[in-house]
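Residue numbers (the numbering used here): 231 to 486.
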């Protein structure tokens, strides 16, 4: 009940707009670009190309999800911007303001904002927090990190979010090299890991995954292993050492 997504670690996905620009090696094989640009031609990917806002009817859907979650007496998770980046500087600021207004209205939903641009995200989050601190607490803030270099660059921004009592997470998908969490592990509430998928997918080594899982276990961080990936991700599955790792953090924000 309540699901409208195939992404296993959330209940819903929401895209207020579509389109983005590649910023690092993890973007090389972008499923959103493949789907929305190359297959459907809805937008042109890249810098200088306009982003496409989704319909007003679509923007009203989270209000219904919130109602269903409230009636069920539970919180549900919304992954925001699977086909874009909330903090893409080429998306109009008004759209982000509209998004936060929607977050304010949906008090039974936790909004998972995953970005490769945390330096911009922290600026917008600060403004939102000043406007409505309680609503801002329902935001889970995540960074994408495909290797050690990107983890070190982006994870430092998690400090302020953790201090604000928001859940923070790292999405190591696609994982393209090993990552040592040591320098920022105290500011991480959750780690998602997965291999790249589709034609041309770059391989993921098992010891990279096992290392992340062991680090999380040692430091009490929930670990969610999404997939091995590859050309046929369904066949590859998501078993690691004889079991599935589908751990989730506990929401800190409770419906008022």
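Using N, Cα and C, we set each Cβ at its ideal position, and we do this for glycine too.
key: C-alpha gap between residue 398 and residue 461, whole angstroms   = 30 angstroms
task = Rounded to whole angstroms, what's the CA-CA distance from residue 389 to residue 417? Just pull it up for me.
result = 6 angstroms
inquiry  = Checking the sheet assignment: what are the DSSP bridge partners for residue 308?
reply    = 242 and 341
query = Does the pairing of the segment 266-281 with the segment 403-418 give three or more beta-carbon distances under 8 angstroms?
reply = no
CA nearest to the CA of residue 432, picked from 318, 249 and 256 = 256
request  = List the residues that DSSP assigns as beta-bridge partners of residue 461.
outcome  = According to DSSP, residue 461 bridges with nothing at all.
task = Mind checking which residues open and close the beta strand (DSSP E) that includes residue 400?
result = 398-402
query = residue 295 and residue 340: beta carbons closer than 8 angstroms?
reply = no
Bridge partner(s) assigned by DSSP for residue 420 = 399
ask   = residue 372 lies in the beta strand (DSSP E); which residues open and close that run?
value = 369-374
Reference residue 400, options 386, 407, 374 and 274, closest by Cα = 374
key: residue 428 versus residue 297: straight-line alpha-carbon distance, rounded   = 36 angstroms
ask   = Do the segment 345-356 and the segment 302-318 meet, that is, are 3 or more Cβ pairs less than 8 angstroms apart?
value = yes
ask   = Using the C-alpha atoms, what's the distance from residue 456 back to residue 446?
value = 15 angstroms
request  = For my contact list, residue 381 and residue 409 are in at a C-beta cut-off of 8 angstroms; report their separation, rounded to the angstrom.
outcome  = 5 angstroms
inquiry  = Are there any heavy atoms of the ligand MN lying less than 7 angstroms away from the beta-carbon of residue 330, as far as the coordinates show?
reply    = For the ligand MN, the structure offers nothing, since it holds no ligand at all.
message = Using C-beta distances below 7 angstroms, list every residue in its chain close to residue 274, excluding the 5 sequence neighbours before and after it, in chain order.
response = 267
task = Buried or exposed for residue 245, please, with buried defined as at least 16 other CB atoms from any protein chain shown within 10 angstroms of its CB.
result = buried
task = Could you say which of 403, 451, 479 and 464 lies nearest to residue 435 if we only look at CA atoms?
result = 403
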